[in-house]
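Engineer: Got a structure for you, questions after.
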Amino acid sequence: MSNDYLGLANNKEQFEKAVNLVREYESFAPKSSMLVGGYHRVHKIFEDEISTLNGFESAITVGSGFLANMALIESLVRKKDFLLIDEEYHASGIVALQMIDDRYMKFRHNCASDLRIKLLDIKRKLNPKRIIIAIEGIYSMSGDICTKELFDIADEFGAILIVDEAHSSGTIGGNLLGVFDYYGITPKANHIKMGTLGKAYGSYGAYILASRNIISFLENRAKSIIYTTSLSVFDTALALVNLRYIHENAKRINKEISDKINIANEILNIKTDSLIVPIKVKDNHTAIEFQKLLQSSCYLIGAIRQPTVNHPILRVILRCGVSTKSLKELFLIIKRLELKSI
Ligand SMILES: Cc1ncc(COP(=O)(O)O)c(C=O)c1O
Numbered sequence: 022m023s024n025d026y027l028g029l030a031n032n033k034e035q036f037e038k039a040v041n042l043v044r045e046y047e048s049f050a051p052k053s054s055m056l057v058g059g060y061h062r063v064h065k066i067f068e069d070e071i072s073t074l075n076g077f078e079s080a081i082t083v084g085s086g087f088l089a090n091m092a093l094i095e096s097l098v099r100k101k102d103f104l105l106i107d108e109e110y111h112a113s114g115i116v117a118l119q120m121i122d123d124r125y126m127k128f129r130h131n132c133a134s135d136l137r138i139k140l141l142d143i144k145r146k147l148n149p150k151r152i153i154i155a156i157e158g159i160y161s162m163s164g165d166i167c168t169k170e171l172f173d174i175a176d177e178f179g180a181i182l183i184v185d186e187a188h189s190s191g192t193i194g195g196n197l198l199g200v201f202d203y204y205g206i207t208p209k210a211n212h213i214k215m216g217t218l219g220k221a222y223g224s225y226g227a228y229i230l231a232s233r234n235i236i237s238f239l240e241n242r243a244k245s246i247i248y249t250t251s252l253s254v255f256d257t258a259l260a261l262v263n264l265r266y267i268h269e270n271a272k273r274i275n276k277e278i279s280d281k282i283n284i285a286n287e288i289l290n291i292k293t294d295s296l297i298v299p300i301k302v303k304d305n306h307t308a309i310e311f312q313k314l315l316q317s318s319c320y321l322i323g324a325i326r327q328p329t330v331n332h333p334i335l336r337v338i339l340r341c342g343v344s345t346k347s348l349k350e351l352f353l354i355i356k357r358l359e360l361k362s363i
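Each number in the working numbering comes from the position in the sequence shown (counting from 1) with 21 added on.
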């Protein structure tokens, strides 16, 4: 059920590395906001390494993914701009819409043709100064990967593209860097990548990657970056050592991920490219019943119900570190439960 995709949340060696790293510094607390002395050496090292690895010009650490989405939407969508946002974008982005009045429209989930129609319409009627599009790399409930066409449309319309990679960074792509890596897209000046550190990176917090101009703008304009204490020093250090670990072990981790995906396909006939396996169940009640039964066999599975999703699902995470034996056993139990419930 957790988003600890790579099992780093209980990797003691990584924890020790982070502790030793923090020990090297005199100060180990962020103390204040980034602009007022809260910028620690560890923030700078993390930002340099994560932007270089991802091929972006610049980076900024943020207190959490929720704050990062608030920062992006509130500060980038100015008076004459317009935002097109996927209807299934995370709640943090949806809450942020309240701060930009009516300068936004939702488009159908992962639907390039709907986005194109709406963009043409908006251009004709409002002719906004800048267009901003917001999508996710992998959607947390369905495990869908965003379609590559959305990147092409952003280029075609000269739009800024925000990609929330909370669930895709660390889980897809040859170097496990997320959806840019997965599609082989080289980041450009119109691309913004936002990611969280509380999921595959086994820590807490978030980061934004973009051009130098955009990062400098966010640093000086985004309220949820300026008016809040900077990211915890220890969490940044833990994310840094885990970022290095994932990079050094990407090949081995990718092999484990594809082995797990194959097991889900073999037993449940579910094809997925991500570590999220959504298993549809009849109704909300069945979802809860299945969750309880699985819990009694020591499997902690998410029972995601309406209205959070259109159709209730069991959300199984193919977490690295879980043995093949346990995963097979879990899927066989689910298969038996599914047959009984029909
Ligand atoms: C897609 C997505 N974006 C943003 C967030 C918010 O990140 P955080 O938990 O770091 O606030 C989450 C989940 O927590 C998420 O799933």
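Each residue gets a CB set at the ideal place from its N, CA and C atoms; glycine is no exception. Please read all numbers here as calculations on a predicted model, not as lab measurements.
Could you tell me the boundaries of the alpha helix (DSSP H) in which residue 91 lies?
Structural biologist: Taken as a continuous stretch (DSSP letters only), the alpha helix (DSSP H) holding residue 91 covers 86-97.
Engineer: Give me the Cα-Cα distance between residue 240 and residue 284, rounded to the nearest whole angstrom.
Structural biologist: Roughly 44 angstroms between the two C-alpha positions.
Engineer: Could you have a look at residue 272 and say whether DSSP puts it in helix, strand or coil?
Structural biologist: Note: residue 272 maps to helix in three-state DSSP.
Engineer: Rounded to whole angstroms, what is the Cα-Cα separation between residue 24 and residue 343?
Structural biologist: Answer to the nearest angstrom: the Cα atoms are 13 angstroms apart.
Engineer: Would you list, in sequence order, the uninterrupted alpha helix (DSSP H) runs of no fewer than 4 residues that lie entirely inside the region 304-329?
Structural biologist: As far as the region 304-329 is concerned, its whole alpha helix (DSSP H) runs of at least 4 residues are 305-317.
Engineer: Would you be able to state if there are at least three C-beta pairs under 8 angstroms between the region 124-136 and the region 66-74?
Structural biologist: Output reads no: the region 124-136 does not touch the region 66-74.
Engineer: Am I right that residue 156 and residue 184 are in contact with their C-beta atoms under 8 angstroms? What's the rounded C-beta distance?
Structural biologist: Confirmed, about 6 angstroms.
Engineer: According to DSSP, simplified to helix, strand and coil, what is residue 46?
Structural biologist: Of the three classes helix, strand and coil, the one that applies to residue 46 here is coil, per DSSP.
Engineer: Given a threshold of 16 other Cβ atoms within 10 Å of its Cβ, counted over all protein chains shown, does residue 373 qualify as buried or as exposed?
Structural biologist: There is no way to answer for residue 373, as the model of the chain reaches only from 22 to 363.
Engineer: Following a CB-centred definition, is residue 111 positioned closer than 6 angstroms to any heavy atom of ligand 1?
Structural biologist: Residue 111: yes, Cβ under 6 angstroms from ligand 1.
Engineer: Between residue 87 and ligand 1, is there a pair consisting of the residue's CB and a ligand heavy atom that are separated by less than 6 angstroms?
Structural biologist: Yes.
Engineer: Is residue 341 near residue 269, with beta carbons less than 7 angstroms apart?
Structural biologist: It is not a contact, given that the beta carbons lie outside the stated cut-off.
Engineer: Residue ranges of each beta strand (DSSP E) run of no fewer than 3 residues wholly in the region 94-139, ordered along the chain?
Structural biologist: Fully enclosed beta strand (DSSP E) runs of 3 or longer: 103-107, 125-128.
Engineer: Report yes or no: is there a C-beta of chain D within less than 7 angstroms of the C-beta of residue 292?
Structural biologist: This model lacks chain D altogether, as it is built from one protein chain only.
Engineer: Taking the alpha-carbon of residue 331 as reference, which of 112, 38, 101, 162 has the nearest alpha-carbon?
Structural biologist: The candidate whose alpha carbon is nearest that of residue 331 is 162.
Engineer: Give the DSSP bridge partners of residue 215, in chain order.
Structural biologist: DSSP output for residue 215 lists 185, 229 as bridge partner(s).
Engineer: Out of 141, 107, 334, point me to the one whose CA is closest to residue 304's CA.
Structural biologist: Cα-wise, what sits closest to residue 304 is 334.
Engineer: Confirm, please, whether the CB-CB distance from residue 192 to residue 131 is below 7 angstroms.
Structural biologist: No, the Cβ-Cβ distance between residue 131 and residue 192 is not below 7 angstroms.
Engineer: Drop a sphere of 10 angstroms on the beta-carbon of residue 30, count the other beta-carbons inside from all chains shown, and report buried for 16 or more, exposed for fewer.
Structural biologist: Classification for residue 30: buried.
Engineer: Please work out which residues of its chain come closer than 6 angstroms, Cβ to Cβ, to residue 215, disregarding the five sequence neighbours upstream and downstream, and give them in chain order.
Structural biologist: Contacts found: 89, 185, 229.
Engineer: Find the nearest neighbour of residue 251 within the set 329, 79, 61, 45, judged by alpha-carbon distance.
Structural biologist: When only C-alpha atoms are compared, the closest one is 61.
Engineer: Between residue 207 and ligand 1, is there a pair consisting of the residue's CB and a ligand heavy atom that are separated by less than 6 angstroms?
Structural biologist: Result no, Cβ not under 6 angstroms from ligand 1.
Engineer: Between the alpha carbons of residue 222 and residue 259, how many angstroms are there, rounded?
Structural biologist: Straight-line Cα distance between these residues: approximately 8 angstroms.
Engineer: Would DSSP call residue 141 helix, strand or coil?
Structural biologist: Looking at residue 141 - three-state DSSP - the assignment turns out to be helix.
Engineer: Starting from residue 82, trace the beta strand (DSSP E) both ways and give me its first and last residue.
Structural biologist: That run of the beta strand (DSSP E) goes 79-83.
Engineer: Under the rule that 16 or more other beta-carbon atoms within 10 Å means buried, what is residue 263, buried or exposed?
Structural biologist: Flag for residue 263 reads buried.
Engineer: Can you tell me which of 347, 314, 105 puts its alpha carbon nearest to the alpha carbon of residue 135?
Structural biologist: Here the closest residue by C-alpha is 105.
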